[in-house]
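Take the sequence shown: its letters are residues 25 to 123, numbered as in the working numbering. Heads up: the structure comes next, in structure tokens.
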Amino acid sequence: FVEGLMSRGEAWNSSSPAAFFAEHAGADAEGVFERRLGGEGLSLHEAAVFAATLESLVHEETLERLHAAFRVLELDSKEEASTERDVERVIDTYMMMLV
């Protein structure tokens, strides 16, 4: 789901984080990070913004995948509607989706 984070054995270059932002946060975000990475690098605040944005995207991906697991099992994704056995099945399905 979140592509552009794995280097696939290649050396990372300064465009890697900027390319990630182009795909997931838009061209404006890419331009900001590209300019900063091409110069003196990121300030502490900018690194924190990058980390927070990345965290948000990972959280979104996790929720999408979890909801997909519920859909695959044809279960209601509302917490109160799930039995313990349903939750175990969803977790198993979710983990299989990661492989």
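Ideal Cβ placement from N, Cα and C applies to all residues, glycine included.
Q. How should L122 be labelled, buried or exposed, when 16 other C-beta atoms within 10 angstroms of its C-beta is the threshold for buried?
A. exposed
Sequence-distant residues of the same chain with beta carbon closer than 8 Å to L90, five excluded per side:
S101, V114 and Y118
Legend entry - the ligand SAM heavy atom lying under 7 Å from the CB of S80: Ligands in the displayed structure: none, and consequently the ligand SAM is not present.
(Q) Rounded to whole angstroms, what is the Cα-Cα separation between E54 and T107? (A) 44 Å
Proximal residues to E70 (C-beta, below 7 Å), its chain only, five neighbours per side dropped: R60
task = With a cut-off of 8 Å on the beta carbons, I'd call P99 and D110 a contact; round off their distance for me.
result = Checking the displayed sequence, the identity of residue 99 turns out to be Leu instead of Pro. Rounded, the Cβ-Cβ distance is 5 Å, consistent with contact.
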